[in-house]
């Protein structure tokens with residue numbers, strides 16, 4: 213099964229992290245990033261109340277929906293349902309895919325983080341719509357991650373699974389192209405855009421590199 | 213509108229806190245507490261992954277459902293939906309009642325914490341099924357709470373709202389009866405049972421005090 217239209221929306225995926233926004237509001241950074249060519253936004257919040265998470269999600273929904281860009285919510289299926297998000301992204305310690313699918317229905321995107329070839333095969337079998345290969349390279353953004361899979365890890369996963377793959381972790385202007393060439397349909401970045409002096413320019417240049 | 217059967221199920225409400233369980237597993241403490249006469253359990257988890265929260269909820273569901281005792285999930289509507297819980301309890305920084313109701317449907321209980329008469333009136337207007345008056349007395353269990361409402365606070369809320377009221381915060385054997393006499397349909401306890409040497413005996417004695 214191929215997902216041509218989905219593949220293009222996953223090309224440049226911004227994963228948010230408010231702690232890296234250099235004091236700017238999340239919506240401000242996302243607005244800039246989207247103007248620069250980000251094709252998809254995953255809202256990730258780890259240390260705030262449910263109400264704050266909801267409020268951020270509503271702001272991003274309002275920004276992204278008119279542009280036709282998917283909003284994906286990290287972990288929280290209840291927030292995704294509440295705001296009518298386009299998808300959720302599940303880590304290995306979030307809800308199992310089967311539970312999320314039952315709550316979200318068939319049309320909501322479910323992305324799943326895979327730290328190995330086996331994770332990726334299992335996620336595809338369980339009905340994930342795309343896989344976040346994590347981490348591709350070692351990264352300072354997350355400290356609780358598995359060992360880096362590298363470009364070779366992407367190639368090995370690409371051989372085994374047919375759903376779209378998004379590389380995440382340590383991806384920047386110098387290596388994004390290689391991640392695509394190794395078989396990923398897109399890349400996800402956090403600090404390369406969240407912390408950029410101009411998130412718009414950072415996104416523009418990244419889009420140029422990805423081709 | 214009166215909820216006779218609901219009122220009796222709210223009589224003695226255990227709110228969990230794993231950090232107070234003195235090394236015992238949550239399910240072990242809850243099992244004891246239920247044997248002693250707890251009528252309702254609210255699973256509250258603040259520092260664990262979604263998967264751990266889900267797993268605890270599934271264990272409690274398995275324990276409580278055959279006994280006909282309600283399982284209420286604190287904050288996380290997605291966990292409540294996933295395990296088919298009987299209700300959710302929402303604090304003032306959790307999902308708004310309207311969002312939770314839309315996701316949960318009309319039959320799921322929605323309890324809401326009220327820290328003032330105004331909170332309580334608003335929660336009733338928005339469709340809460342019961343109100344957690346919090347805190348009745350000052351308590352060491354939660355450090356981020358509003359000033360204690362006292363027995364007088366319960367009386368004032370009782371005059372204004374018709375749905376069931378559950379007092380929480382600093383309630384123990386010496387004051388539980390007064391909380392009922394002030395107008396609460398039930399009491400919720402955390403440490404008085406979670407930390408008791410015998411949660412079963414603590415629940416039995418509390419039931420006796422409540423009458």
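Residue numbers (the numbering used here), protein chains in the order written: chain A, 213 to 423; chain B, 213 to 423. All C-beta atoms in this analysis are idealised placements derived from N, C-alpha and C, irrespective of residue type, glycine included.
- In the three-state reduction of the DSSP assignment, residue 400(A) falls in the strand class, which pools E and B.
- Taking C-beta separations shorter than 6 Å and ignoring five residues to either side along the sequence, the partners of residue 411(A) in its chain run 241, 244, 245, 405, following chain order.
- Going by C-alpha positions, residue 249(A) is about 6 Å away from residue 416(A).
- In the same chain as residue 408(B), and ignoring 5 residues on each side of it, the C-beta atoms closer than 7 Å to its own belong to 414, in chain order.
- Residue 325(A) is bridged by DSSP to 344(A).
- Closest by C-alpha distance to residue 238(B), out of 330(B), 308(B), 270(B), 377(B), is 270(B).
- One thing to note: residue 302(A) has its Cβ no nearer than 7 Å to the Cβ of residue 345(A).
- The segment 250–260 of chain A and the segment 275–283 of chain A touch, with no fewer than 3 CB-CB distances between them shorter than 8 Å.
- Assigned with DSSP and collapsed to three states, residue 374(A) falls in coil, not helix or strand.
- The residue from 321(B), 365(B), 226(B), 422(B) with its alpha-carbon nearest to that of residue 333(B) is 365(B).
- Taken through DSSP and simplified to helix, strand or coil, residue 254(B) comes out as strand.
- Following the DSSP letters along the chain, one finds residue 293(A) inside the alpha helix (DSSP H) bounded by residues 289–295.
- For residue 307(B), there is no enclosing alpha helix (DSSP H), since its DSSP letter is neither H nor E.
- Taking 7 Å as the cut-off, the beta carbon of residue 361(A) is found no closer than this to the beta carbon of residue 392(A).
- As DSSP reads the structure, residue 285(A) sits in a beta bridge with 255(A), 300(A).
- Counting every other CB atom within 10 Å of its CB across the protein chains shown gives residue 258(B) a total below 16, marking it as exposed.
- As the crow flies, the alpha-carbon of residue 402(A) is around 22 Å from that of residue 262(B).
- The Cβ of residue 301(B) sits no closer than 7 Å to any Cβ of chain A.
- Listed along the chain, the chain B residues whose CB falls inside 7 Å of the CB of residue 289(A) are 290.
- A residue is called buried when at least 16 other Cβ atoms come within 10 angstroms of its Cβ; residue 299(B) meets this threshold and is buried.
- Contact with chain A is absent for residue 237(B), since none of that chain's Cβ atoms lies less than 7 Å from the residue's Cβ.
- Under the three-state reduction of DSSP output, residue 271(B) falls in the helix class.
- Rounded to the nearest whole angstrom, the C-alpha separation of residue 363(A) and residue 328(B) is 57 Å.
- Sequence-distant Cβ neighbours of residue 287(A) in its own chain, meaning closer than 6 Å and more than five residues away, are 306.
- Taking a C-beta cut-off of 8 Å against chain A, the contacting residues of the segment 251–267 of chain B are 261, 262, 263, 264, 266, listed in chain order.
- Secondary structure of residue 224(A) (DSSP, three-state): strand.
- DSSP places residue 416(B) in the uninterrupted alpha helix (DSSP H) bounded by 411–422.
- Buried is the label assigned to residue 221(A), since at least 16 other Cβ atoms lie within 10 Å of its Cβ.
- Taking 7 Å as the cut-off, the beta carbon of residue 383(A) is found closer than this to the beta carbon of residue 399(A).
- The alpha-carbon of residue 420(B) is positioned some 17 Å away from that of residue 219(B).
- Residue-level contact by beta carbon holds for residue 315(B) and chain A, with a gap shorter than 7 Å.
- Less than 7 Å divides the Cβ of residue 347(B) from the Cβ of residue 381(B).
- In this structure, residue 358(B) sits away from residue 343(B), with a CB-CB distance that is not shorter than 7 Å.
- In the structure shown, residue 380(A) adopts extended strand secondary structure according to DSSP, grouped into three states.
- Residue 349(A) sits in coil when the DSSP states are folded into three classes, being neither helix nor strand.
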